[in-house]
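Novice: One structure coming up, written as C-alpha coordinates, with questions to follow.
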Amino acid sequence: MNYLWEQWLTNLDQVRFVLQALDIALVLLLSYVVLVIIGEKRTLWMVRGLIFLMLAAALSKFLGLALLGFVLDKLVIGSAVAMAFMLQGEFRRLLELLGQGRVWELLSPSREAMPQPDNVIDEIVDAVKELSQNRTGALLILEIDKLIDERDFTVPGVRINAEVSKELIQTIFQTSTLLHDGAMLVRGSRVAAAGVILPISERVASRQLGTRHRAAMGITERVEHCICVVVSEETGSISLAEGGILDRPLTSSRLRSILRSKFSKSVDREAVAPQLRSLGRRLGSLGVNYVLRLFRLPSSSPREKK
(Lines of atoms letter the chains of each structure in order from A and count residues from 1; the text may use other names and numbers.)
(Lines give C-alpha, C1' and ligand atoms only; values in the text may rest on other atoms or scores of the structure.)
Protein backbone atom coordinates (compact mmCIF):
# COMPACT_ATOMS: atom_id res chain seq x y z
CA MET A 1 0.00 0.00 0.00
CA ASN A 2 2.82 2.37 0.88
CA TYR A 3 4.54 1.52 -2.38
CA LEU A 4 1.42 2.39 -4.41
CA TRP A 5 1.00 5.63 -2.46
CA GLU A 6 4.63 6.62 -3.08
CA GLN A 7 4.31 5.71 -6.74
CA TRP A 8 1.14 7.84 -7.04
CA LEU A 9 2.89 10.80 -5.38
CA THR A 10 5.84 10.41 -7.72
CA ASN A 11 3.54 10.41 -10.76
CA LEU A 12 1.70 13.44 -9.36
CA ASP A 13 4.97 15.34 -8.97
CA GLN A 14 5.88 14.45 -12.54
CA VAL A 15 2.50 15.70 -13.81
CA ARG A 16 2.92 18.96 -11.88
CA PHE A 17 6.39 19.39 -13.34
CA VAL A 18 5.07 18.78 -16.86
CA LEU A 19 2.29 21.34 -16.30
CA GLN A 20 4.82 23.91 -15.09
CA ALA A 21 7.01 23.21 -18.11
CA LEU A 22 3.93 23.57 -20.34
CA ASP A 23 3.13 26.91 -18.69
CA ILE A 24 6.64 28.19 -19.42
CA ALA A 25 6.48 26.84 -22.98
CA LEU A 26 3.19 28.63 -23.66
CA VAL A 27 4.63 31.93 -22.40
CA LEU A 28 7.68 31.44 -24.64
CA LEU A 29 5.38 30.64 -27.57
CA LEU A 30 3.40 33.83 -26.97
CA SER A 31 6.64 35.83 -26.83
CA TYR A 32 7.76 34.12 -30.04
CA VAL A 33 4.54 35.11 -31.82
CA VAL A 34 4.94 38.73 -30.72
CA LEU A 35 8.55 38.79 -31.94
CA VAL A 36 7.60 37.31 -35.32
CA ILE A 37 4.76 39.82 -35.80
CA ILE A 38 7.03 42.76 -34.95
CA GLY A 39 10.08 41.45 -36.80
CA GLU A 40 12.22 44.60 -36.38
CA LYS A 41 15.35 44.66 -34.31
CA ARG A 42 14.76 48.23 -33.14
CA THR A 43 11.39 47.32 -31.60
CA LEU A 44 12.60 44.00 -30.21
CA TRP A 45 14.44 45.78 -27.41
CA MET A 46 11.09 47.00 -26.05
CA VAL A 47 9.73 43.44 -26.12
CA ARG A 48 12.83 42.15 -24.37
CA GLY A 49 12.46 44.85 -21.73
CA LEU A 50 8.83 43.83 -21.13
CA ILE A 51 9.83 40.17 -20.81
CA PHE A 52 12.57 41.14 -18.35
CA LEU A 53 10.04 43.06 -16.22
CA MET A 54 7.69 40.06 -16.25
CA LEU A 55 10.46 37.70 -15.16
CA ALA A 56 11.58 40.13 -12.45
CA ALA A 57 8.01 40.42 -11.15
CA ALA A 58 7.62 36.63 -11.02
CA LEU A 59 10.98 36.23 -9.28
CA SER A 60 10.17 38.89 -6.68
CA LYS A 61 6.90 37.12 -5.83
CA PHE A 62 8.72 33.79 -5.57
CA LEU A 63 11.22 35.32 -3.13
CA GLY A 64 8.45 36.90 -1.08
CA LEU A 65 9.31 40.52 -1.94
CA ALA A 66 5.72 41.75 -1.89
CA LEU A 67 6.36 45.49 -2.33
CA LEU A 68 8.84 45.03 -5.17
CA GLY A 69 6.49 42.57 -6.85
CA PHE A 70 3.62 45.06 -6.57
CA VAL A 71 5.70 47.84 -8.19
CA LEU A 72 6.94 45.56 -10.97
CA ASP A 73 3.40 44.38 -11.69
CA LYS A 74 2.31 47.98 -12.22
CA LEU A 75 5.32 48.60 -14.46
CA VAL A 76 4.45 45.55 -16.55
CA ILE A 77 0.85 46.76 -17.00
CA GLY A 78 1.98 50.29 -17.90
CA SER A 79 4.59 48.99 -20.35
CA ALA A 80 2.06 46.69 -22.01
CA VAL A 81 -0.39 49.59 -22.48
CA ALA A 82 2.37 51.82 -23.89
CA MET A 83 3.45 49.11 -26.35
CA ALA A 84 -0.17 48.64 -27.43
CA PHE A 85 -0.21 52.31 -28.48
CA MET A 86 3.18 52.20 -30.20
CA LEU A 87 2.51 48.93 -32.02
CA GLN A 88 -1.09 49.48 -33.06
CA GLY A 89 -0.68 47.89 -36.48
CA GLU A 90 0.94 44.73 -35.14
CA PHE A 91 -1.62 44.28 -32.37
CA ARG A 92 -4.46 44.89 -34.83
CA ARG A 93 -3.06 42.17 -37.10
CA LEU A 94 -2.81 39.83 -34.09
CA LEU A 95 -6.44 40.40 -33.09
CA GLU A 96 -7.71 40.13 -36.68
CA LEU A 97 -5.97 36.80 -37.27
CA LEU A 98 -7.20 35.45 -33.93
CA GLY A 99 -10.75 36.56 -34.71
CA GLN A 100 -10.65 34.96 -38.16
CA GLY A 101 -9.22 31.71 -36.81
CA ARG A 102 -6.02 32.05 -38.86
CA VAL A 103 -3.79 31.29 -35.89
CA TRP A 104 -1.01 29.57 -37.83
CA GLU A 105 -0.42 32.69 -39.90
CA LEU A 106 0.85 34.33 -36.71
CA LEU A 107 3.94 32.13 -36.94
CA SER A 108 4.82 33.42 -40.42
CA PRO A 109 6.23 36.94 -40.94
CA SER A 110 4.35 39.44 -43.06
CA ARG A 111 5.46 40.04 -46.62
CA GLU A 112 8.31 42.43 -47.00
CA ALA A 113 8.58 45.24 -49.52
CA MET A 114 11.59 45.12 -51.80
CA PRO A 115 14.27 47.73 -51.08
CA GLN A 116 14.62 50.48 -53.65
CA PRO A 117 17.60 50.15 -56.01
CA ASP A 118 19.83 53.18 -56.50
CA ASN A 119 18.38 53.90 -59.94
CA VAL A 120 14.85 54.04 -58.47
CA ILE A 121 16.03 56.48 -55.80
CA ASP A 122 17.70 58.57 -58.49
CA GLU A 123 14.46 58.67 -60.50
CA ILE A 124 12.49 59.77 -57.42
CA VAL A 125 14.99 62.44 -56.42
CA ASP A 126 15.29 63.82 -59.99
CA ALA A 127 11.51 64.03 -60.25
CA VAL A 128 11.20 65.73 -56.86
CA LYS A 129 13.92 68.20 -57.84
CA GLU A 130 12.08 69.14 -61.06
CA LEU A 131 8.78 69.45 -59.20
CA SER A 132 10.43 71.64 -56.58
CA GLN A 133 11.92 73.97 -59.18
CA ASN A 134 8.53 74.30 -60.89
CA ARG A 135 6.70 74.67 -57.55
CA THR A 136 4.45 71.75 -58.32
CA GLY A 137 3.00 70.13 -55.20
CA ALA A 138 3.68 66.43 -54.68
CA LEU A 139 3.36 63.76 -51.99
CA LEU A 140 5.08 60.37 -52.23
CA ILE A 141 4.76 57.45 -49.77
CA LEU A 142 7.75 55.11 -49.69
CA GLU A 143 7.44 51.76 -47.92
CA ILE A 144 10.28 50.50 -45.72
CA ASP A 145 10.72 46.75 -45.08
CA LYS A 146 7.01 45.88 -44.91
CA LEU A 147 3.90 46.52 -46.96
CA ILE A 148 1.42 49.13 -45.80
CA ASP A 149 -2.07 47.92 -45.03
CA GLU A 150 -4.32 49.93 -47.35
CA ARG A 151 -6.89 50.18 -44.57
CA ASP A 152 -4.57 52.76 -43.03
CA PHE A 153 -5.44 55.07 -45.94
CA THR A 154 -8.58 57.16 -45.97
CA VAL A 155 -9.04 56.32 -49.68
CA PRO A 156 -6.77 53.68 -51.31
CA GLY A 157 -6.57 55.59 -54.61
CA VAL A 158 -6.20 54.28 -58.16
CA ARG A 159 -3.97 51.28 -58.82
CA ILE A 160 -1.23 51.89 -61.38
CA ASN A 161 1.46 49.18 -60.96
CA ALA A 162 4.04 50.80 -63.25
CA GLU A 163 7.79 51.12 -63.14
CA VAL A 164 9.07 54.16 -61.25
CA SER A 165 10.29 56.87 -63.61
CA LYS A 166 10.90 60.58 -63.37
CA GLU A 167 8.50 61.27 -66.23
CA LEU A 168 5.66 59.25 -64.66
CA ILE A 169 6.01 61.01 -61.30
CA GLN A 170 6.07 64.45 -62.88
CA THR A 171 3.08 63.64 -65.10
CA ILE A 172 0.90 62.39 -62.23
CA PHE A 173 1.47 65.51 -60.13
CA GLN A 174 0.71 67.98 -62.89
CA THR A 175 -2.29 70.10 -61.90
CA SER A 176 -4.12 69.17 -65.11
CA THR A 177 -4.36 65.47 -64.08
CA LEU A 178 -7.11 64.00 -61.91
CA LEU A 179 -4.70 62.29 -59.50
CA HIS A 180 -2.45 65.22 -58.61
CA ASP A 181 -4.22 66.06 -55.33
CA GLY A 182 -3.61 62.69 -53.71
CA ALA A 183 -0.45 60.84 -52.72
CA MET A 184 1.59 58.39 -54.77
CA LEU A 185 2.42 55.02 -53.21
CA VAL A 186 5.85 53.70 -54.22
CA ARG A 187 6.29 49.99 -53.48
CA GLY A 188 9.76 48.73 -54.22
CA SER A 189 10.65 49.71 -57.78
CA ARG A 190 7.03 50.28 -58.88
CA VAL A 191 4.37 52.93 -58.48
CA ALA A 192 1.58 50.92 -56.83
CA ALA A 193 -1.14 53.59 -56.72
CA ALA A 194 -1.85 57.30 -57.09
CA GLY A 195 -4.55 59.60 -55.82
CA VAL A 196 -4.27 58.06 -52.34
CA ILE A 197 -6.03 60.10 -49.65
CA LEU A 198 -4.21 60.00 -46.32
CA PRO A 199 -5.35 60.70 -42.76
CA ILE A 200 -4.56 64.20 -41.55
CA SER A 201 -2.38 64.66 -38.49
CA GLU A 202 -4.04 66.22 -35.47
CA ARG A 203 -0.81 67.75 -34.21
CA VAL A 204 -0.54 71.50 -33.97
CA ALA A 205 1.59 72.47 -36.95
CA SER A 206 2.95 75.66 -38.42
CA ARG A 207 0.59 77.77 -40.53
CA GLN A 208 3.09 77.47 -43.37
CA LEU A 209 2.30 73.75 -43.64
CA GLY A 210 -0.49 72.76 -45.99
CA THR A 211 -2.65 69.67 -46.32
CA ARG A 212 0.11 67.62 -47.96
CA HIS A 213 2.48 68.15 -45.04
CA ARG A 214 -0.19 67.30 -42.47
CA ALA A 215 -1.18 64.20 -44.46
CA ALA A 216 2.47 63.09 -44.54
CA MET A 217 2.68 63.57 -40.78
CA GLY A 218 -0.62 61.71 -40.31
CA ILE A 219 0.30 58.53 -42.22
CA THR A 220 3.78 58.32 -40.70
CA GLU A 221 2.26 58.69 -37.24
CA ARG A 222 -0.04 55.75 -37.94
CA VAL A 223 2.36 53.54 -39.93
CA GLU A 224 5.91 53.17 -38.66
CA HIS A 225 7.46 51.43 -41.67
CA CYS A 226 7.08 54.23 -44.22
CA ILE A 227 8.36 57.70 -45.01
CA CYS A 228 6.83 60.52 -47.06
CA VAL A 229 8.45 63.00 -49.42
CA VAL A 230 6.56 66.28 -49.77
CA VAL A 231 7.01 69.13 -52.26
CA SER A 232 5.35 72.38 -51.27
CA GLU A 233 3.16 73.95 -53.93
CA GLU A 234 3.65 77.46 -52.53
CA THR A 235 7.39 77.55 -51.83
CA GLY A 236 8.72 74.51 -53.70
CA SER A 237 10.57 73.35 -50.60
CA ILE A 238 11.25 69.63 -50.11
CA SER A 239 10.32 67.91 -46.84
CA LEU A 240 10.58 64.38 -45.51
CA ALA A 241 8.17 62.99 -42.89
CA GLU A 242 8.99 60.05 -40.62
CA GLY A 243 7.30 59.08 -37.39
CA GLY A 244 5.04 62.12 -37.62
CA ILE A 245 8.04 64.51 -37.70
CA LEU A 246 8.90 66.73 -40.66
CA ASP A 247 12.49 67.29 -41.72
CA ARG A 248 12.54 70.49 -43.79
CA PRO A 249 13.71 72.09 -45.91
CA LEU A 250 15.91 69.57 -47.74
CA THR A 251 18.13 69.86 -50.77
CA SER A 252 17.93 67.20 -53.47
CA SER A 253 21.38 65.86 -52.55
CA ARG A 254 20.40 65.61 -48.89
CA LEU A 255 17.19 63.80 -49.85
CA ARG A 256 19.17 61.37 -51.98
CA SER A 257 21.54 60.49 -49.14
CA ILE A 258 18.64 60.01 -46.69
CA LEU A 259 16.77 57.69 -49.03
CA ARG A 260 19.86 55.62 -49.75
CA SER A 261 20.51 55.20 -46.04
CA LYS A 262 16.86 54.29 -45.39
CA PHE A 263 16.62 51.68 -48.10
CA SER A 264 20.06 50.13 -47.78
CA LYS A 265 20.16 46.64 -46.30
CA SER A 266 21.31 47.73 -42.86
CA VAL A 267 21.51 45.70 -39.68
CA ASP A 268 19.13 48.01 -37.85
CA ARG A 269 16.06 46.47 -39.48
CA GLU A 270 17.09 42.85 -40.07
CA ALA A 271 14.27 40.33 -39.90
CA VAL A 272 14.36 37.91 -36.97
CA ALA A 273 11.65 35.43 -38.01
CA PRO A 274 13.96 32.84 -39.72
CA GLN A 275 16.29 32.71 -36.71
CA LEU A 276 13.33 32.46 -34.35
CA ARG A 277 11.79 29.62 -36.34
CA SER A 278 15.07 27.69 -36.25
CA LEU A 279 15.40 28.29 -32.51
CA GLY A 280 11.77 27.24 -31.99
CA ARG A 281 12.34 23.95 -33.84
CA ARG A 282 15.41 23.16 -31.75
CA LEU A 283 13.66 23.97 -28.47
CA GLY A 284 10.64 21.92 -29.52
CA SER A 285 12.81 18.90 -30.35
CA LEU A 286 14.62 19.16 -27.02
CA GLY A 287 11.30 19.45 -25.15
CA VAL A 288 9.82 16.37 -26.86
CA ASN A 289 12.90 14.29 -26.14
CA TYR A 290 12.88 15.38 -22.51
CA VAL A 291 9.22 14.43 -22.04
CA LEU A 292 9.87 11.05 -23.67
CA ARG A 293 12.80 10.41 -21.32
CA LEU A 294 10.68 11.53 -18.37
CA PHE A 295 8.10 8.85 -19.10
CA ARG A 296 10.78 6.33 -20.15
CA LEU A 297 9.70 6.20 -23.77
CA PRO A 298 12.07 5.70 -26.73
CA SER A 299 13.52 8.97 -28.05
CA SER A 300 12.25 10.40 -31.35
CA SER A 301 15.71 11.63 -32.39
CA PRO A 302 17.61 9.48 -34.85
CA ARG A 303 20.31 7.32 -33.32
CA GLU A 304 23.88 7.81 -34.36
CA LYS A 305 25.47 5.05 -36.30
CA LYS A 306 28.39 3.42 -34.58
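In the UniProt record's numbering, the protein residues as written are 1 to 306.
Built from N, CA and C at the ideal position, the CB exists for glycine as well.
Would you list the residues sitting across from LEU139 in a DSSP beta bridge?
Specialist: DSSP output for LEU139 lists VAL230 as bridge partner(s).
Novice: I want to check one thing, is the minimum distance from the CB of PHE173 to the heavy atoms of the ligand NAD below 7 Å?
Specialist: With respect to the ligand NAD, the structure offers nothing, as it holds no ligand at all.
Novice: In whole angstroms, what is the alpha-carbon distance linking SER132 and PRO249?
Specialist: When rounded, the distance between both Cα atoms is 11 Å.
Novice: Can you find the residues in the same chain that come closer than 6 Å, C-beta to C-beta, to GLY244, ignoring five residues on each side of it along the sequence?
Specialist: So the qualifying residues of the chain are MET217, THR220 and GLU221.
Novice: Taking one C-beta from the stretch 246-265 and one from the stretch 166-184 each time, how about it: are there three or more such pairs within less than 8 Å?
Specialist: Flag = no, the stretch 246-265 and the stretch 166-184 do not touch.
Novice: Between which two residues does the beta strand (DSSP E) harbouring VAL248 extend?
Specialist: Residue 248 is actually Arg in this sequence, not Val. Element bounds for ARG248: 245-250.
Novice: Have a look at THR235 and LEU95 and give me their C-alpha separation to the nearest angstrom.
Specialist: One C-alpha to the other measures close to 44 Å.
Novice: Using DSSP with H/G/I as helix, E/B as strand and the rest coil, what is SER257?
Specialist: The answer is helix: DSSP assigns SER257 an H, G or I state.
Novice: Helix, strand or coil, according to DSSP, for ARG159 in the structure here?
Specialist: Residue state, collapsed to three classes: strand.
Novice: To the nearest angstrom, report how far apart PHE164 and VAL191 are at their CA atoms.
Specialist: In the sequence under discussion, the amino acid at residue 164 is Val, which differs from the Phe named in the question. Cα to Cα, VAL164 sits roughly 6 Å from VAL191.
Novice: Kindly indicate which three-state DSSP category ASP126 falls into: helix, strand or coil?
Specialist: Helix at ASP126.
Novice: Using beta-carbon positions only, say whether HIS225 and GLU143 come within less than 8 Å of one another.
Specialist: Yes, the pair counts as a contact, with Cβ atoms nearer than the cut-off.
Novice: Count the other CB atoms within 10 Å of the CB of ARG16; is the residue buried (16 or more) or exposed (fewer)?
Specialist: Under this definition ARG16 is an exposed residue.
Novice: Enumerate in chain order the residues of its own chain whose CB-to-CB distance from GLU112 is below 8 Å, with the five nearest sequence positions on each side excluded.
Specialist: The pLDDT assigned to GLU112 is 47, lower than 50, so where the model puts this residue is not dependable, and the model offers no usable value.
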